[in-house]
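In what follows, a structure is listed as structure tokens, so that the remarks can point back to it.
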Amino acid sequence: MSELIKMEIVDSLKSLGMSADDKPFINEIVELYFAEVPSLLSKIKAAIDNLDFQTLQVEAHTFKGASANIGAAGVSGICATLEQKAKSAANEGLQDDFKELESLLEVTKTEFDKILSN
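Structural data, given as structure tokens:
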């Protein structure tokens, strides 16, 4: 598995400074990301359950990009796997991949909480 969080991206986001409400900009970005997670997970889960490969491809691609933008490399990687499987309409292992995505999100959230509290 690739690294969980790409610190060079996190450091770059930290360098953006403060937002309008005197909160570090990276904190706002990460909060927005995790606020969208339940919706994205729901769409991906429904697409997997219904073998809707077109929706799975779009939602996995969206989640992959959002994750890469904040440095969540592990999540981005499993989303890339889901996207590739959707492109080839391969349903083998999708449920396991989804469970891995959920697990990676929990660990990633914990790690971001630690990073942003420093």
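Every letter in the sequence shown is one number past the one before it in the working numbering, and letter 99, counting from 1, is 97. Cβ atoms here follow ideal geometry from the backbone N, Cα and C, with glycine treated the same way. Given the structure is predicted, the values throughout are model-derived calculations rather than measurements.
Query: Skipping 5 residues on each side, what residues in its chain have a beta carbon closer than 6 Å to that of LEU49?; Result: ASN89
Query: What is the DSSP secondary structure of MET(-1), counted as helix, strand or coil?; Result: With a pLDDT of only 38 at MET(-1), under 50, the local geometry of the prediction cannot be trusted, and no value is derived from it.
Query: My understanding is that LEU92 touches LYS83, with C-beta atoms under 8 Å, so please give their C-beta distance in whole angstroms.; Result: 6 Å
Query: Which first and last residues belong to the alpha helix (DSSP H) in which LEU49 is found?; Result: Where LEU49 is concerned, there is no enclosing alpha helix (DSSP H), given that its DSSP letter is neither H nor E.
Query: Quick one: give me the first and last residue of the alpha helix (DSSP H) that ASP95 is part of.; Result: 92 to 115
Query: Please determine, among LYS4, ASN116 and LEU99, the residue with the shortest C-alpha to C-alpha distance to LEU39.; Result: LEU99
Query: Flag this pair as yes or no: are the beta carbons of ILE76 and LEU54 separated by less than 8 Å?; Result: no
Query: Can you give the Cα-Cα distance for ASN67 and ILE7, rounded to whole angstroms?; Result: 8 Å
Query: Just how far apart, CA to CA, sit ASP20 and VAL28?; Result: 15 Å
Query: Do LEU2 and ALA71 count as a contact pair if the criterion is CB distance below 8 Å?; Result: yes
Query: To the nearest angstrom, how far is it from the Cα of THR60 to the Cα of GLU104?; Result: 19 Å
Query: When the Cα of LYS43 is compared with those of LEU80, ILE113, THR106 and PHE110, which residue comes out closest?; Result: LEU80
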